[in-house]
Each structure stands twice: as structure tokens, then as C-alpha cells.
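Asks:
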Amino acid sequence: MKPEKINDLIDQINKVILILEEDFKKNNEPMVELIIKRYKNAKDMLENTPQESLKRVLFKIDGGVRAYLEVSSDYMNPLLDELHKAEKLLDEFFS
1 MKPEKINDLI
11 DQINKVILIL
21 EEDFKKNNEP
31 MVELIIKRYK
41 NAKDMLENTP
51 QESLKRVLFK
61 IDGGVRAYLE
71 VSSDYMNPLL
81 DELHKAEKLL
91 DEFFS
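Residues in the sequence shown are numbered from 1 upward in steps of one, following the working numbering.
#1: For a test of the three-state rule: what should DSSP assign to GLU21, helix, strand or coil?
#2: Straight-line CA distance for PHE59 to ALA42?
#3: From the DSSP output, in three-state form, read off LEU54 for me.
#4: Check this for me: beta carbons of LEU83 and GLY64, under 7 Å apart or not?
#5: If I follow the unbroken alpha helix (DSSP H) through ILE35, where does it start and stop?
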């Protein structure tokens, strides 16, 4: 685990949540709502769980890109890059 990565990860999760919430206001897709919920849960764990208790398997944000593309075929949406960055930062945090 790399504790120095936690702030970058939380910042990225916040960025993704803001973008997803704007998207949800426009499209009201249940899948987007689920992705938002998972990102908020991940943020809550990072902010409120002692780092020594955090486990990679508890974070359910993997596959966000694929899940988002199930409801939107917009392969050029910048959100996809942000989702990917969050997943990559999570991997780095636990490596």
C-alpha cells in the first residue's frame, strides 16, 4: 500500500463523481447512478477507514468504463479517461 497516493486517489474520485452526477442529471440512467454510488462508497472508505484495514477487494469501482459504455456508446467521452485514471490510481495505491 502506498499511503502517499491517497490524496491523488480521493481527488480523482471526487472529479469522477462530479462528472457522473452532471451526466445523471441529463440522462437519469440507473447504471450511472450505480457507478456514482460505488465511487461514493470508495471515497467514504478511503476517508473513514484506517489504512491498515483497507483491502483492494472492498473497492467496487473496477469496470466503470465498461459499465458506462453499456448505457452510452460515446467512446470519445472524456469521462472514460477519468474513470480509467481512478482505477489506475487505485491499483497504484494498493501496489
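Ideal Cβ placement from N, Cα and C applies to all residues, glycine included.
Replies: Short version:
#1: Here residue 21 refers to the residue found at position 21 of the sequence shown. GLU21: helix per DSSP, three-state reduction.
#2: The sequence position of residue 59 within the sequence shown is 59, counting from 1. The sequence position of residue 42 within the sequence shown is 42, counting from 1. One C-alpha to the other measures close to 6 Å.
#3: Here residue 54 refers to the residue found at position 54 when the sequence shown is read from its first residue. Three-state DSSP puts LEU54 in coil, outside helix and strand.
#4: Numbered from its first residue, the sequence shown carries residue 83 at position 83. Numbered from its first residue, the sequence shown carries residue 64 at position 64. Taking 7 Å as the Cβ cut-off, LEU83 and GLY64 qualify as a contacting pair.
#5: Mapped onto the sequence shown, residue 35 falls at position 35. First-last of the alpha helix (DSSP H) with ILE35: 30-48.
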